DNA sequence: CCTTGACCCTGTAGTTGCTACAGGGTGCAT
DNA sequence: ATGCACCCTGTAGCAACTACAGGGTCAAGG
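Protein chains in written order, with this note's numbering: chain E, 2 to 140; chain L, 2 to 140.
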């Protein structure tokens, strides 16, 4: 069984659908440990880095902040710790997502209302502009 | 009929539920025209500023970007122009909101799934951590 | 052997929409 | 005259990247 050869930063980025600059940024932010370097000073990554970066990316896709991911990683690294903290973070995050969802739903309704009323005449009687303007401009 | 006396930046901010710094920032970003100044170099605002800032704030509440609001303002200022462009911006924005809404809905589902599976034992078999990790780690 | 081109390196500045000072000046009431 | 609340400018910070600039490295083709 041959070991997989180390990956360059470009390989790692491609494998995780990440930009090279972002990988370097995660390293600076200490989400990803600094890897070994080649003779020519290139970063060389192994499968452990791939796993960790995949974790980070998935967390980001799920909308966790970098700080939350840092906490999740610390917990995942400490496998004897209770899972309750992980659950707490996830639940707090879900609550936040649900709040945002409610906001956006309301917003979409308002926008649909506003757009529905527009007869597309001249701006002078555009309902969209009117809806944005302070109520009823009496002059 | 007495004219309303000019408002200070604090008054204007209070009347529109905005922070003073934000008002100054809108001025620098050229959303709000620079007002006259008092002898002591205080900004003095009139009802036109109040109207314009209300418009901006309402647009921001509806999730328009500052750039979009700048365009909407330019159109609103030019009252003979066709309303079709306004409609275009609003529709594009709605489409974007709906995309974000779909993403967040999917995300909330995933988070609920992940949280539901957590029996809260030790991290070693935490389903949340597992769900974030790359599929199935065969070793 | 040399060049070309794709990749890599560091470091810094830009993005969005504000927010938070620091270090001062103004205006009004006591 | 002395507080105190408010105003001024200017700069730096937040999140999470993204986009250079100005260089170095490496493998392949001629």
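For every residue, glycine included, the Cβ atom is placed at its ideal position computed from N, Cα and C.
Computed from a prediction, not measured in an experiment: that's the story for all the values here.
Cβ neighbour criterion (16 or more within 10 Å) applied to residue i
i                      : result
residue 50 of chain L  : buried
residue 107 of chain E : exposed
residue 60 of chain E  : buried
residue 66 of chain L  : exposed
residue 30 of chain L  : exposed
residue 77 of chain E  : buried
residue 19 of chain L  : buried
residue 137 of chain L : Because the pLDDT of residue 137 of chain L is 44, which lies under 50, any placement of that residue in the model is unreliable, and the number read from its coordinates should be weighed accordingly. Per the 10 Å Cβ criterion, exposed.
C-beta atoms of residue i and residue j nearer than 8 Å
i                      : j                      : result
residue 109 of chain E : residue 102 of chain L : yes
residue 133 of chain E : residue 95 of chain L  : no
residue 93 of chain E  : residue 112 of chain L : no
residue 10 of chain E  : residue 53 of chain E  : no
residue 127 of chain E : residue 87 of chain L  : yes
Close Cβ partners of residue i (< 7 Å) along its chain, the five nearest in sequence each way excluded
i                      : result
residue 28 of chain L  : 35
residue 21 of chain E  : 10, 11, 14
residue 115 of chain L : 128, 129, 132
Residue i to residue j span [Cα, whole Å]
i                      : j                      : result
residue 38 of chain L  : residue 6 of chain L   : 13 Å
residue 17 of chain E  : residue 57 of chain E  : 10 Å
residue 119 of chain E : residue 69 of chain E  : 43 Å
residue 63 of chain L  : residue 82 of chain E  : 43 Å
residue 1 of chain L   : residue 46 of chain L  : Shown here, chain L extends from 2 to 140; a query on residue 1 of chain L therefore has no answer.
residue 79 of chain L  : residue 89 of chain L  : 16 Å
residue 85 of chain L  : residue 71 of chain L  : 16 Å
residue 25 of chain E  : residue 55 of chain E  : 15 Å
residue 117 of chain E : residue 100 of chain L : 19 Å
residue 42 of chain L  : residue 75 of chain L  : 28 Å
Close-in-space but distant-in-sequence residues of the same chain around residue i (CB under 8 Å, 5 per side omitted)
i                      : result
residue 140 of chain E : Low local confidence applies: a pLDDT of 34 at residue 140 of chain E is under 50, so the model's placement there is unreliable, with the coordinate-based value given in what follows. The answer is none, since no qualifying residue turns up.
residue 48 of chain L  : 5
residue 104 of chain L : none
residue 23 of chain E  : 14
Bridge-paired residues (DSSP) for residue i
i                      : result
residue 27 of chain E  : Partner(s): none; residue 27 of chain E has no beta bridge.
residue 8 of chain L   : L:46
residue 220 of chain L : In the structure as shown, chain L starts at 2 and stops at 140, and residue 220 of chain L therefore has no counterpart that could be examined.
Contacting residues, own chain, Cβ-Cβ under 6 Å from residue i (five flanking each side not counted)
i                    : result
residue 8 of chain E : 46
Check: residue i C-beta below 7 Å from any heavy atom of the ligand HEM
i                     : result
residue 31 of chain E : Absence of the ligand HEM from the depicted structure is noted, as is the absence of any ligand whatsoever, leaving it without description.
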